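Quick note, the numbering used here runs 2 ahead of the 1-based positions in the sequence shown.
For reference, the structure discussed in these notes is given below.
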Amino acid sequence: MDQRSEVLLRQARLFQGHLLLVGLPADDLLGRLPNAYGWSWHAGDQAILDASFPERSQFGVNVPNWGFDAAVIFLPKSKDLTDYLISAVAARLDGAELFLVGEKQGGIKSAFKQMIHCGKPRKLDNARHCQLWQVTVTGAPPAVELASLIRVFNIPLTNGLLKVVSLPGVFSHGRLDHGTKLMLKHLDKLPSGHLLDFGCGAGVLGSAVKLLYPHNTVTMLDVDAFAAASSRLTIDANGLDAEVLVGDGIDTAPINLNAILSNPPFHIGVHTNYSATENLLRKSAQHIARGGELRLVANKFLKYQILIEKHFGMCEIKAINNSFCVYRAKRS
3 MDQRSEVLLR QARLFQGHLL LVGLPADDLL GRLPNAYGWS WHAGDQAILD ASFPERSQFG
63 VNVPNWGFDA AVIFLPKSKD LTDYLISAVA ARLDGAELFL VGEKQGGIKS AFKQMIHCGK
123 PRKLDNARHC QLWQVTVTGA PPAVELASLI RVFNIPLTNG LLKVVSLPGV FSHGRLDHGT
183 KLMLKHLDKL PSGHLLDFGC GAGVLGSAVK LLYPHNTVTM LDVDAFAAAS SRLTIDANGL
243 DAEVLVGDGI DTAPINLNAI LSNPPFHIGV HTNYSATENL LRKSAQHIAR GGELRLVANK
303 FLKYQILIEK HFGMCEIKAI NNSFCVYRAK RS
């Protein structure tokens, strides 16, 4: 059981009504709170919840239409996403209770201040390295449209500008991160055919490839519904034709790809997690056609070259700076 869920269950008497669990972990909390429903945007968590509690959790970027008389938000990593979730949920809870639970290491000790516009927050519990806060929504704020929180920025490419559209919670929201910036300088000599942007975020790499090599088929894949929505907005903003998939890891990717491009994440929430990237490096050769290649950018301290060489053979360092490496490996 997730430690945040354990904190909620210490106060289980408060959560017996029609409850919405926002960003809930994939544990047994729905089983312990039979009148609760979930809202998730992580495809892996949603698959587990669907298997254990059919039709008890909704996947996506918008507040479910279910009727609920209280809600618990599991604090996400992104402050912008927290603002959106609090405003969107509080708009449905005038005079009712809104709770925020999170790990101290994840910033819950200050995040409760984001609830002040809803009422006066009070701390209910402090256990399992977590805190639980409650606010009675006094005068529900107007519903926040997700589209109003979009951030747009332009990236110059050799054949024009790429317009990037990002939503709260998406990696490097509203700006180009340094790793992807380095990768964009080294998209030359890509194989022709079907290319995958793995962990696509706002769709920067996939959209750039489609602009630079319009004859290629481009697919983008991310585990996060907000990222997938952002990628679709970026595609539309540039008038591109590309596919966006939501799935948990490389296992959900197409096969017979001619190239996989990635600036893979190595953090989930407040915890360092390399599993998605390690799984990518271990299995990507199964998804790449002979003669195809993997091109990956990563913090150079991560030392992915050894893993890449283990599963592909020779791995070239195509570019390097003070912080990042671009790796290139070809499937023989």
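We put the CB at the ideal spot given by N, CA and C, even for glycine.
Bear in mind the structure is a predicted one, so any value in this text is a computation, not a measurement.
Checklist entry - Counting along the chain, where does the alpha helix (DSSP H) carrying K312 start and finish? => result As a first step, residue 312 must be located in the sequence shown, where it is residue number 310. K312 -> alpha helix (DSSP H) spans Q307 to F314.
Item to check | Spatial distance of V74 from Q48 (CA atoms) | outcome: Residue mapping note: residue 74 aligns to position 72 of the sequence shown, counting from 1. Residue mapping note: residue 48 aligns to position 46 of the sequence shown, counting from 1. In a straight line, the C-alpha of V74 is about 17 Å away from that of Q48.
Checklist entry - Which ranges would you report for the alpha helix (DSSP H) in the region 25-61 if only whole runs of at least 4 residues count? => result 31-34 and 45-54
Checklist entry - Skipping 5 residues on each side, what residues in its chain have a beta carbon closer than 8 Å to that of I310? => result Along the sequence shown, one-based indexing puts residue 310 at 308. If we look at I310 and ignore the five residues flanking it on each side, its Cβ neighbours are L283, L296, L298, C317, Y329 and A331.
Checklist entry - Which one of E57, L148, A28 and P266 has the shortest CA to CA distance from A90? => result Residue 90 sits at position 88 when you count from the first residue of the sequence shown. The shortest C-alpha separation from A90 is found at L148.
Item to check | Reference K305, options K191, I322 and T84, closest by Cα | outcome: Translated into positions along the sequence shown, residue 305 becomes position 303. It is I322 whose Cα lies nearest to the Cα of K305.
Checklist entry - So, helix, strand or coil for I118, using DSSP? => result Against the sequence shown, residue 118 aligns to sequence position 116. The answer is helix: DSSP assigns I118 an H, G or I state.
Checklist entry - Which parts of the region 85-171 are runs of the alpha helix (DSSP H), unbroken and 4 residues or longer, counting only runs that do not cross its ends? => result 110-113
Checklist entry - Any idea what DSSP makes of Q288, helix, strand or coil? => result Position 286 of the sequence shown, counted from the first residue, corresponds to residue 288. Helix, per DSSP.
Item to check | Secondary structure of I322, DSSP reduced to three states | outcome: Along the sequence shown, one-based indexing puts residue 322 at 320. Note: I322 maps to strand in three-state DSSP.
Checklist entry - Between the C-alpha atoms of S59 and G40, what's the straight-line distance to the nearest angstrom? => result Here residue 59 refers to the residue found at position 57 of the sequence shown. Here residue 40 refers to the residue found at position 38 of the sequence shown. Going by the C-alpha atoms only, they are around 4 Å apart.
Checklist entry - Can the beta-carbon of V220 be found less than 7 Å from the beta-carbon of V211? => result Position 218 of the sequence shown, counted from the start, is the residue given in the question as residue 220. Position 209 of the sequence shown, counted from the start, is the residue given in the question as residue 211. In this structure, V211 lies closer than 7 Å to V220 by Cβ.
Checklist entry - Excluding five sequence neighbours on each side, which residues of the same chain lie with their C-beta closer than 7 Å to the C-beta of V272? => result As a working note, residue 272 is residue 270 in the sequence shown. Note on V272: pLDDT 47, under 50, position unreliable in the model; the coordinate value appears next. Excluding positions up to five away in sequence, the list reads K79, E105, Q107 and G108.
Next on the checklist: At the level of alpha carbons, what is the spacing between L21 and R94?
Outcome noted: Taking the sequence shown and counting its residues from 1, one reaches residue 21 at position 19. Taking the sequence shown and counting its residues from 1, one reaches residue 94 at position 92. Near 12 Å, if we compare the C-alpha coordinates of R94 and L21.
Next on the checklist: Taking only three categories from DSSP, how would you classify H273?
Outcome noted: As a working mapping, residue 273 is identified with position 271 in the sequence shown. Here H273 scores only 49 on pLDDT, less than 50, and its place in the model is too uncertain to base an answer on.
Checklist entry - Thinking C-alpha only, which one of A278, N265 and F200 is nearest F326? => result Stepping through the sequence shown from its first residue, residue 326 is reached at position 324. That would be N265, whose Cα lies nearest to the Cα of F326.
Next on the checklist: Three Cβ pairs or more, each shorter than 8 Å: is that satisfied between the region 231-249 and the region 166-184?
Outcome noted: yes
Next on the checklist: Less than 7 Å between CB atoms is the rule here; does L83 satisfy it with respect to chain B?
Outcome noted: Going by chain labels, chain B is absent from the structure shown, which holds only one protein chain.
Checklist entry - Taking the alpha-carbon positions, what's the M185 to Q133 distance? => result Within the sequence shown, residue 185 is the residue found at index 183, counting from 1. Within the sequence shown, residue 133 is the residue found at index 131, counting from 1. If I take the Cα positions, the gap works out to 40 Å.
Item to check | Alpha-carbon to alpha-carbon, R333 and A230 | outcome: Counted from its first residue, the sequence shown places residue 230 at position 228. Counted from its first residue, the sequence shown places residue 333 at position 331. About 28 Å.
Checklist entry - Mapping DSSP to helix, strand and coil, what is V74? => result Stepping through the sequence shown from its first residue, residue 74 is reached at position 72. Strand at V74.
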